[in-house]
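Going from the sequence shown to the numbering used here is simple: count from 1 and add 1. Beta carbons are placed, not taken as given, at the ideal position from N, Cα and C, and that holds for glycine. Data block below; observations after.
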Amino acid sequence: MTRTHSTTSRRAALSLAAASAAAVLASCAGEGRSGQAGGTAPSGTVTLDYATYNPLSLVLKSKGWLEATLKDRGIDVAWVKSTGSNKANEALRAHAIDVGSTAGSAALLARSNGSPIRTISVFSKPEWAALVAPKGSDITTVAGLKGATVAATKGTDPYFFLLQALEAEGLSPKDVTVQNLQHADGWAAAQNGSVAAWAGLDPIMAGAQEKGASLFFRRVDFNTYGLLNAHEDFLKNSPETAQAVVDAYEKARAWALAHLDETAAILAAEAGLSTTVAGTVVRERSNLGVSGVPGEHQRAVLARVGPLLVETGDVPGQSAVDSALGSLFEPRFASAADSSRVKDA
Numbered sequence: 002m003t004r005t006h007s008t009t010s011r012r013a014a015l016s017l018a019a020a021s022a023a024a025v026l027a028s029c030a031g032e033g034r035s036g037q038a039g040g041t042a043p044s045g046t047v048t049l050d051y052a053t054y055n056p057l058s059l060v061l062k063s064k065g066w067l068e069a070t071l072k073d074r075g076i077d078v079a080w081v082k083s084t085g086s087n088k089a090n091e092a093l094r095a096h097a098i099d100v101g102s103t104a105g106s107a108a109l110l111a112r113s114n115g116s117p118i119r120t121i122s123v124f125s126k127p128e129w130a131a132l133v134a135p136k137g138s139d140i141t142t143v144a145g146l147k148g149a150t151v152a153a154t155k156g157t158d159p160y161f162f163l164l165q166a167l168e169a170e171g172l173s174p175k176d177v178t179v180q181n182l183q184h185a186d187g188w189a190a191a192q193n194g195s196v197a198a199w200a201g202l203d204p205i206m207a208g209a210q211e212k213g214a215s216l217f218f219r220r221v222d223f224n225t226y227g228l229l230n231a232h233e234d235f236l237k238n239s240p241e242t243a244q245a246v247v248d249a250y251e252k253a254r255a256w257a258l259a260h261l262d263e264t265a266a267i268l269a270a271e272a273g274l275s276t277t278v279a280g281t282v283v284r285e286r287s288n289l290g291v292s293g294v295p296g297e298h299q300r301a302v303l304a305r306v307g308p309l310l311v312e313t314g315d316v317p318g319q320s321a322v323d324s325a326l327g328s329l330f331e332p333r334f335a336s337a338a339d340s341s342r343v344k345d346a
């Protein structure tokens, strides 16, 4: 063994010991602790993400209902912005957040690769992904993508939407070159001609459509559900706080469905969109009026996506997908959700 390797090993051992000690302290803290072993949020804080692809998170953040509900328990609320399902998964795995918003496909991918997350609620059944070509493009079909470069954010629904679209039209992932870019960067690349097309995500996609982009391939059933996921440590250490989060999400859902214009205004302000575009996203493509309880509907959709994860090498084997699909959902919180327990700010 070299000196460098030995030093590295000692450092790794020390880091592991420190992490283990932190985990023990967190578990001893009991309810009211976020359960974070490596996050930056202080003790007594629950950390959630907010994302423009999850309008309910924006409503909840703007209204302050969760803060009002948890204040008497001595628990603070911290918010971290997610720019894509892949980023939410990274934050969950790193203990940077306790609860995060992802597409169903991204949650399955993460758990298949060992990320300790569970789905505790469903926030939407969206049509949030499509294949997009910039204004003036001669690409009008999936077949036109053969040999082309397509921007997509790997590990997110638009990426898996692209794979399903290729398969449906008789092509394979090898027939295109995927340029892995975060969603906003993918649209920028399509605009400047760096890529021929973009696997798009709302609300950026709706803004692109307003500027003349064409959504040349759309399939609602190729979109997986919007899932709210939590780190297993958080669920184990703070189940009452987890229940409060899901209760608050149900209050946000009811409010959003009853106040679509206001919900669109909140989205427009956060995403820098016109209220018209935000209204299209909220009214036509978010589909917030879905049961929050994860179960067979979501499982059926993800069972179709699972083999693609293996085919592309994103997951080592089908057994990992099957195991993840069998253990991903934790429906008890959504089944017991009661928005009347949530306080107004």
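* Nearest-angstrom Cα separation, counted from residue 209 out to residue 299 -> 29 Å
* Please list the segments of the alpha helix (DSSP H) lying wholly inside the stretch 126-158, counting only runs of 4 or more residues, in order along the chain. => none
* **For residue 286 and residue 132, the rounded distance between their alpha carbons** => 15 Å
* Coil, strand or helix - residue 82 by DSSP -> strand
* Same chain, Cβ closer than 8 Å to residue 147, five either side skipped, listed in chain order -> 172, 176 and 177
* To do: Run through the stretch 306-331 for me and flag every whole alpha helix (DSSP H) of 4 or more residues, listed as ranges in chain order.
  => 319-328
* **Alpha-carbon spacing of residue 198 relative to residue 289, whole angstroms** => 28 Å
* Indicate whether residue 167 and residue 143 have their beta-carbon atoms separated by less than 8 Å. => yes
* To do: With DSSP collapsed to three states, give me the class of residue 184.
  => helix
* In terms of residue numbering, what span does the beta strand (DSSP E) encompassing residue 217 cover? -> 215-218
* To do: Check each candidate in 104, 108, 201 and 322 and name the one with the smallest Cα separation from residue 125.
  => 104
* Asked: What does a CB cutoff of less than 8 Å around residue 284 pick up in its chain, not counting 5 residues either side in sequence?
  -> 261 and 265
* Asked: Per DSSP, residue 118 is paired with what?
  -> 232
* To do: Take residue 57 and list the residues in its own chain whose beta-carbon comes closer than 8 Å to its own, dropping the five residues that flank it on each side.
  => 124, 125, 250, 253, 254, 257 and 289
* To do: For the stretch 227-244 and the stretch 179-196, state whether three or more C-beta atom pairs, one from each stretch, are separated by less than 8 Å.
  => no
* Asked: If residue 76 sits next to residue 101, beta carbons under 8 Å apart, how far is it from one beta carbon to the other, in whole angstroms?
  -> The Cβ separation is near 18 Å, so there is no contact.
* Alpha carbon to alpha carbon, how far is residue 39 from residue 48? -> Any answer about residue 39 is weak, because its pLDDT of 40 lies below 50 and its placement is not dependable; what the coordinates show is given next. Rounded to the nearest angstrom, the two C-alpha atoms are 13 Å apart.
* As assigned by DSSP and simplified to three states, the class of residue 250 -> helix
* Asked: Thinking C-alpha only, which one of 140, 240, 246 and 118 is nearest residue 215?
  -> 140
* **Residue burial classification, residue 330 (beta-carbon count within 10 angstroms, cutoff 16)** => buried
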